[in-house]
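Below: the structure, in structure tokens.
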Amino acid sequence: MSASPEDPRYSRQVLFRPIGDKGQRRLLDSTVALVGCGALGASLAEQLVRVGVGRLVLVDRDVVEESNLGRQALYTAQDAADGLPKVVALAGHLRAFNPDIDVDPRVSDLNASTVREHLSGADLVLDGTDNFDTRYLLNDWCVSENVPWIYGACVASRGLTAVIVPGETPCLRCLFPEPPAAGSAETCDTSGIIAPAATMIASLQVAEALKILTGNGDAVRRTLFSIELWPFRVFEMGGEDPQPRPDCPCCGDRTFAWLDGTERTRALTYCGRDAVQVVPTGAARGFDLDAVETRLSASFACRRNDYVLKVEVPGYVLTVFDDGRALVSGTGDADEARSLYDRYVGS
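At position 129 of the sequence shown (counting the first as 1) the number is 129 in the numbering used here, and the numbers step up by one without a gap.
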């Protein structure tokens, strides 16, 4: 059965006049790329599939862990026990309640060398990430390709979101010209997070996505919106009609430092846990996960599924992906993580 606006699951949404039958058809014909499938991304994915986005591309580099289950929608204890990649687990759950939607999971790190592969063809990009490197890369690619995207971030009991329509609204670098200095921004590690903060920001993002995808772009909120749940406060920043900055290095000067790869780091710490992802240079080319398993299983406890190899080494756990990336758990120090990668996986 193919997706149709007449599907009963969309009946109440079609009755909403700004969407109607025409808007629902546009939704079903649309492609959305969602980057990041943690607390924010999982909630985004669920809502996008329920409203009837025709094709959803999921991009995430991580696996489900037990610590995710208190705040990340849809994931189960079995997903964590199996060590499934988040996009694989999420795709299965999404298909269970709407099998007519094309859900395309991509177990991958989004970086300058993979961004075109994963985002090309998207009508809209949604941010479910937890790091500034990836957000600035999304901004570069979307501005360069004239694709709208919706920024979202949350920590503790608050969150931020902004709709970025290239050429019409300020881009991310108009709002935040440079990323915060290392260690200066709050993270889930230092301040924690409550689930309602993520679901609130996700709902605001999906509301704006609906406006764009159904042809109601004139109703899009153009300001940077901030919400604090504890105590409750809301803020809008940017004035009544914010415009792109003429001196913006990205949308003004058309300089794409993250897309060019000149601003990319090799190791990224993870929000909410003591772990670092290491991305070796030219990771996917010639990487042989079977060979790594054979070598390491002779000395260390290893667990393998179709997607990842988990290796327990003294004091740490390495989760090695088939594209050469590794998640090093047990340290938040990027240099130490790189050293462990080089020692056990190979440089």
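For glycine and all other residues, C-beta sits at the position ideal for the given N, C-alpha and C.
query, result
"Nonlocal neighbours in the same chain, by C-beta distance under 7 Å from Gly20, ignoring five residues either side", "Val14"
"Limits of the beta strand (DSSP E) - the one that Gln277 falls within", "Ala275 to Val278"
"Three-state secondary structure (DSSP) of Gly183", "Reliability fails at Gly183, whose pLDDT of 48 lies under 50, so the model's placement of it is uncertain and the value that follows must be treated cautiously. Gly183 falls in the coil class under three-state DSSP."
"Member of Ser226, Val49, Val313 and Pro280 whose CA lies at the smallest distance from the CA of Arg157", "The sequence shown places Ser at residue 157, not Arg. Ser157 has its Cα closest to that of Ser226, out of Ser226, Val49, Val313 and Pro280."
"First through last residue of the alpha helix (DSSP H) which encompasses Trp141", "Phe132 to Glu145"
"Where Gly152 falls: helix, strand or coil (DSSP)", "strand"
"Cβ contact (3+ pairs, closer than 8 Å) linking the segment 94–109 and the segment 158–175", "no"
"Three-pair Cβ contact test at 8 Å for the segment 131–142 versus the segment 52–72", "no"
"Among Val311, Tyr307 and Leu259, nearest to Thr134 - alpha-carbon criterion", "Leu259"
"Every unbroken beta strand (DSSP E) within the segment 167–245, with a cutoff of 3 residues, ordered by chain", "224–229 and 232–237"
"Whole-number beta carbon distance between Ala45 and Leu90, since they are thought to touch under 8 Å", "6 Å"
"Between the CA atoms of Ser299 and Val32 - distance to the nearest angstrom", "44 Å"
"Identity of the residue in Pro180, Val279 and Cys37 nearest Val87 by Cα", "Cys37"
"Rounded separation between Leu34 and Arg17 - CA only", "27 Å"
"At least three beta-carbon pairs within less than 8 Å, the segment 222–236 to the segment 71–88", "no"
"Same chain only: Cβ atoms within 8 Å of Gly217, ignoring 5 sequence neighbours per side", "Val165 and Lys211"
"Stretch pair the segment 316–329 + the segment 285–297: three plus CB contacts closer than 8 Å", "yes"
"7 Å Cβ shell around Gln72 - same chain, five flanking residues per side excluded", "Gly38, Ala39 and Ala42"
"Per-residue burial, Phe132 [other beta carbons within 10 Å of its own, 16 or more giving buried]", "buried"
"Host alpha helix (DSSP H) of Leu48 (start-end)", "Ala39 to Val51"
"Leu126 - containing alpha helix (DSSP H), residue span", "Element bounds for Leu126: not the alpha helix (DSSP H) but the beta strand (DSSP E), Leu124 to Asp127."
"Identity of the residues DSSP links to Val317 by a beta bridge", "Glu312 and Ser329"
"DSSP three-state assignment for Leu34, whether helix, strand or coil", "strand"
"Anticipated Cβ contact below 8 Å, Ala197 with Gly159, distance rounded", "5 Å"
"Straight-line gap, Leu94 to Val49 (C-alpha atoms, nearest Å)", "7 Å"
"Other residues of its chain near Gly167: CB distance less than 6 Å, five sequence neighbours each side excluded", "none"
"Thr262 classed as buried or exposed, judged by whether at least 16 other C-beta atoms fall within 10 angstroms", "exposed"
"Helix, strand or coil at Val348 [DSSP, three-state]", "Limits of the chain in this structure are 1 at one end and 347 at the other, which puts residue 348 out of reach."
"Inside the segment 51–115 only - beta strand (DSSP E) runs reaching at least 3 residues", "55–60 and 102–107"
"As assigned by DSSP and simplified to three states, the class of Ala298", "coil"
"Helix, strand or coil at Leu259 [DSSP, three-state]", "coil"
"Where Ala334 sits in the DSSP three-state scheme", "helix"
"For Val163, the first and last residue of its enclosing beta strand (DSSP E)", "Arg158 to Ile164"
"Cβ pair Leu296, Tyr341 closer than 8 Å", "no"
"Proximity to Val317 [Cα-Cα], best of Thr294, Arg221 and Arg273", "Arg273"
"Per DSSP, the bridge partner or partners of Arg303", "Lys310"
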